[in-house]
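Asker: Heads up: the sequence shown begins at 37 in the numbering used here, then just goes up one per residue.
Glycine included, every Cβ here is placed at the ideal spot set by N, Cα and C.
A single structure is presented below for examination.
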Amino acid sequence: MDGGKPQSPDPALIEVGVSRGRNAQSAAREAAAQIDVARACFVQAFVPAHLAGPGLAEALAAVLPGVPVFGCTTAGQITPRGYEDDALLLIAFSRRHFRCASLLLSPLAPLSIEAVATSARRLAASFSHTAGWSRLALLFCDGLSKQEDILAAALEAGLDDVPVFGGSAADALEFSRTFVLHGGVFHPSAGLVLLLETDLEFAGIGFDHFVSTEKRMVVTRAIPEERLVLELNGAPAAAEYARLVGCAPSDLSPQVFAENPVLVRSRTVWHVRAIQGVAADGGLAFLSAIDDGLILTLGRSTEILRRLDQGLGGAPGAQARFILGFDCYLRKLEIEQKDLREAVSERLRAHNVLGFNTYGEQHLGVHVNQTFVGVAFHGPRRTGLE
Numbered sequence: 037m038d039g040g041k042p043q044s045p046d047p048a049l050i051e052v053g054v055s056r057g058r059n060a061q062s063a064a065r066e067a068a069a070q071i072d073v074a075r076a077c078f079v080q081a082f083v084p085a086h087l088a089g090p091g092l093a094e095a096l097a098a099v100l101p102g103v104p105v106f107g108c109t110t111a112g113q114i115t116p117r118g119y120e121d122d123a124l125l126l127i128a129f130s131r132r133h134f135r136c137a138s139l140l141l142s143p144l145a146p147l148s149i150e151a152v153a154t155s156a157r158r159l160a161a162s163f164s165h166t167a168g169w170s171r172l173a174l175l176f177c178d179g180l181s182k183q184e185d186i187l188a189a190a191l192e193a194g195l196d197d198v199p200v201f202g203g204s205a206a207d208a209l210e211f212s213r214t215f216v217l218h219g220g221v222f223h224p225s226a227g228l229v230l231l232l233e234t235d236l237e238f239a240g241i242g243f244d245h246f247v248s249t250e251k252r253m254v255v256t257r258a259i260p261e262e263r264l265v266l267e268l269n270g271a272p273a274a275a276e277y278a279r280l281v282g283c284a285p286s287d288l289s290p291q292v293f294a295e296n297p298v299l300v301r302s303r304t305v306w307h308v309r310a311i312q313g314v315a316a317d318g319g320l321a322f323l324s325a326i327d328d329g330l331i332l333t334l335g336r337s338t339e340i341l342r343r344l345d346q347g348l349g350g351a352p353g354a355q356a357r358f359i360l361g362f363d364c365y366l367r368k369l370e371i372e373q374k375d376l377r378e379a380v381s382e383r384l385r386a387h388n389v390l391g392f393n394t395y396g397e398q399h400l401g402v403h404v405n406q407t408f409v410g411v412a413f414h415g416p417r418r419t420g421l422e
């Protein structure tokens, strides 16, 4: 980091409204007052779980008349200050640079890959294309649905060459119920797809900060549809994981899981399969797909600040005008445990990152955990006629 003064997101592209109020109506009014409604194509709302409900949905519709509002509940927000826990964050995307179409998928279970892919194709076909503009899709879905792996893959197939990025809705680490906001209603067990068109240059971002160790685990008994591992290496899963980590099973906690993830190798790439918690029967509940026979490798954390600098600064071209970011709640837990919250927030501010802390991330058709996923938006695309 060079310690320079952080830049603000370009107001010609987006406008930002933030409220830390505890009342839904007053929070909506305060955040919306910071936005020019006449310039907005749509508004993205990242909502602290305690504000979610009909009161907030109705208030947002009232203070943002005629503007579609999409969003989800979160495990924290990334505002112009950096990491926050209880802020209502509104991001208004300029109609000068963005167009949008949406698709609500509800309920998510049971989920048909063919039906989701077909719906995505219909959405793309009905959304008229603007010459010279490019497309991307954003996905926000119930982070407790256990359907994100299938959903991300189905959308990637249905949207062909349109890149898909997203984050799973959360509920402040309660793991009780999450919501997506669409059509003025907070929907449980739902997925929200936003198909965007923009004249801006953009680049996808996806990185974690782990390397593999020599410690291996084989899933020897599991309930895949529940993302539940009962046995690892033929032993009770929680006890075997604790043995490999080097702690007692009673000491297992979200902080331990955050610093000691398990990794799955796909060709030359390692993906994190995060552990949500210890099940009542001594099993381990996961936040991504698992199955019998899957080989897991214990991961080791590396320098998180250096990796963050590399990841956020690695997008091509000049510094992004803004980055829409989806950052796993387990990364935030590790950062806080290491007393790095302000250092990370400084970097998020410097790179104009806005977004939320998730229960999982979607990156180019793959559902991952403990990963920062985002989209870096730059200036308008050059046409070659200038």
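According to DSSP, is D327 part of a helix, a strand, or is it coil?
Answerer: By one-based count along the sequence shown, residue 327 stands at place 291. Coil at D327, not helix or strand.
Asker: Hey, which unbroken runs of the beta strand (DSSP E) at 3 residues or more fall wholly within the segment 184-227?
Answerer: The segment 184-227 contains these whole beta strand (DSSP E) runs: 200-205, 215-218, 221-224.
Asker: Is T154 helix, strand or coil by DSSP?
Answerer: Locating residue 154 in the sequence shown gives position 118, where the first residue counts as 1. Three-state result, T154: helix.
Asker: Starting from D178, trace the beta strand (DSSP E) in both directions and tell me its first and last residue.
Answerer: As a first step, residue 178 is located in the sequence shown; it is residue number 142 there, counting from the start. Per DSSP, D178 belongs to the beta strand (DSSP E) from 170-178.
Asker: Does the Cβ of I331 have 16 or more other Cβ atoms within 10 Å, making it buried, or fewer, making it exposed?
Answerer: For this step, residue 331 is matched to residue 295 along the sequence shown. By the 10 Å Cβ count, I331 comes out exposed.
Asker: Buried or exposed: which applies to E261, given that a residue is buried once 16 or more other Cβ atoms fall within 10 Å of its Cβ?
Answerer: The residue labelled residue 261 in the question sits at position 225 within the sequence shown. Flag for E261 reads exposed.
Asker: Below 8 Å CB to CB, which residues in the same chain sit around D178 once its five sequence neighbours on both sides are set aside?
Answerer: Mapped onto the sequence shown, residue 178 falls at position 142. Around D178: L144, S204, A205, T214, F215, V216, P224, S225, A226, G227.
Asker: When the Cα of L341 is compared with those of F392, S381, A190, R135, which residue comes out closest?
Answerer: Locating residue 341 in the sequence shown gives position 305, counting from the first residue. Minimum Cα distance to L341 is reached at S381.
Asker: Pull up the distance between the alpha-carbon of T333 and that of R309, whole angstroms please.
Answerer: As a position in the sequence shown, residue 333 is number 297, starting the count at 1. As a position in the sequence shown, residue 309 is number 273, starting the count at 1. The alpha-carbon atoms of T333 and R309 are separated by roughly 10 Å.
Asker: Between the alpha carbons of P272 and F176, how many angstroms are there, rounded?
Answerer: Start at 1 with the first residue of the sequence shown, and residue 272 comes out as number 236. Start at 1 with the first residue of the sequence shown, and residue 176 comes out as number 140. Going from the Cα of P272 to the Cα of F176 covers about 34 Å.
Asker: Count the C-beta pairs between the segment 71-86 and the segment 148-157 that are closer than 8 Å, then say yes if the count reaches three, no if not.
Answerer: no
Asker: Could you check if I186 is buried or exposed, using at least 16 other CB atoms within 10 Å of its CB as the buried criterion?
Answerer: In the sequence shown, counting from the first residue as 1, residue 186 sits at position 150. Counting Cβ neighbours within 10 Å, I186 comes out buried, since at least 16 surround it.
Asker: Cutting at 7 Å between CB atoms, please list the residues of its own chain near A67, excluding the five before and the five after it.
Answerer: Residue mapping note: residue 67 aligns to position 31 of the sequence shown, counting from 1. Correct list, in chain order: G53, V54, S55, L124, L126.
Asker: Quick one: grab the DSSP three-state call for K374.
Answerer: Locating residue 374 in the sequence shown gives position 338, where the first residue counts as 1. Reduced to three states, the DSSP call for K374 is coil.
Asker: Count the other CB atoms, across all protein chains shown, that sit within 10 Å of the CB of N405; report buried if there are 16 or more and exposed otherwise.
Answerer: The residue given as residue 405 occupies position 369 in the sequence shown. Burial call: buried.
Asker: If we call anything under 7 Å between Cβ atoms a contact, is L266 one with A278?
Answerer: By one-based count along the sequence shown, residue 266 stands at place 230. By one-based count along the sequence shown, residue 278 stands at place 242. The answer is no: Cβ separation not under 7 Å.
Asker: Can you give me the C-alpha to C-alpha distance between P47 and R65, rounded to a whole angstrom?
Answerer: Numbered from its first residue, the sequence shown carries residue 47 at position 11. Numbered from its first residue, the sequence shown carries residue 65 at position 29. If I take the Cα positions, the gap works out to 20 Å.
Asker: Going along the chain, which residues of its own chain have a beta-carbon closer than 8 Å to the beta-carbon of E339, five neighbours each way excluded?
Answerer: Along the sequence shown, one-based indexing puts residue 339 at 303. Excluding residues within five positions, the ones whose Cβ falls inside 8 Å are H245.
Asker: Could you compute how far the alpha carbon of G112 sits from the alpha carbon of S164?
Answerer: Start at 1 with the first residue of the sequence shown, and residue 112 comes out as number 76. Start at 1 with the first residue of the sequence shown, and residue 164 comes out as number 128. Answer to the nearest angstrom: the Cα atoms are 35 Å apart.
Asker: Can you list, in chain order, the stretches of the beta strand (DSSP E) that have 3 or more residues and sit fully within the segment 359-415?
Answerer: 389-394, 397-399, 402-404
Asker: Would you give the residue range spanned by the beta strand (DSSP E) that P84 belongs to?
Answerer: Numbered from its first residue, the sequence shown carries residue 84 at position 48. Taken as a continuous stretch (DSSP letters only), the beta strand (DSSP E) holding P84 covers 76-84.
Asker: Quick check on DSSP: helix, strand or coil for V314?
Answerer: Along the sequence shown, one-based indexing puts residue 314 at 278. V314: strand per DSSP, three-state reduction.
Asker: Check the C-beta distance from L236 over to P416 and give it rounded, since I have them as a contact under 8 Å.
Answerer: Counting from 1 along the sequence shown, the entry for residue 236 is found at position 200. Counting from 1 along the sequence shown, the entry for residue 416 is found at position 380. Going by Cβ atoms, the distance from L236 to P416 rounds to 6 Å, so yes, they are a contact pair.
Asker: When the Cα atoms are used, what is the spatial distance from L231 to R252?
Answerer: Within the sequence shown, the letter at position 195 stands for residue 231. Within the sequence shown, the letter at position 216 stands for residue 252. In a straight line, the C-alpha of L231 is about 40 Å away from that of R252.
Asker: Within 10 Å of its beta-carbon, does A316 have 16 or more other beta-carbons around it, so buried, or fewer, so exposed?
Answerer: Here residue 316 refers to the residue found at position 280 of the sequence shown. It is exposed - the Cβ of A316 has fewer than 16 other Cβ atoms within 10 Å.
Asker: At what residues does the alpha helix (DSSP H) containing V298 begin and finish?
Answerer: What you label residue 298 is simply residue 262 of the sequence shown in a count that begins at 1. V298 -> not in any alpha helix (DSSP H); beta strand (DSSP E) instead, spanning 298-302.
Asker: To the nearest angstrom, how far is it from the Cα of G353 to the Cα of L320?
Answerer: Along the sequence shown, one-based indexing puts residue 353 at 317. Along the sequence shown, one-based indexing puts residue 320 at 284. Low local confidence applies: a pLDDT of 47 at G353 is under 50, so the model's placement there is unreliable, and no value is given.
Asker: For a quick check, are the C-beta atoms of T109 and D207 less than 7 Å apart?
Answerer: Taking the sequence shown and counting its residues from 1, one reaches residue 109 at position 73. Taking the sequence shown and counting its residues from 1, one reaches residue 207 at position 171. In this structure, D207 lies closer than 7 Å to T109 by Cβ.
Asker: From what residue to what residue does the alpha helix (DSSP H) around S62 run?
Answerer: Locating residue 62 in the sequence shown gives position 26, counting from the first residue. DSSP places S62 inside the alpha helix (DSSP H), whose first and last residues are 60-68.
Asker: In chain order, what are the residue ranges of uninterrupted beta strand (DSSP E) at least 3 long that sit wholly in the segment 69-143?
Answerer: 76-84, 105-110, 113-115, 118-120, 124-130, 134-141
Asker: Expressed to the nearest angstrom, what Euclidean distance is found between the alpha-carbon atoms of H307 and L299?
Answerer: Residue 307 sits at position 271 when you count from the first residue of the sequence shown. Residue 299 sits at position 263 when you count from the first residue of the sequence shown. Cα atoms of H307 and L299: separation of roughly 5 Å, rounded to the nearest angstrom.
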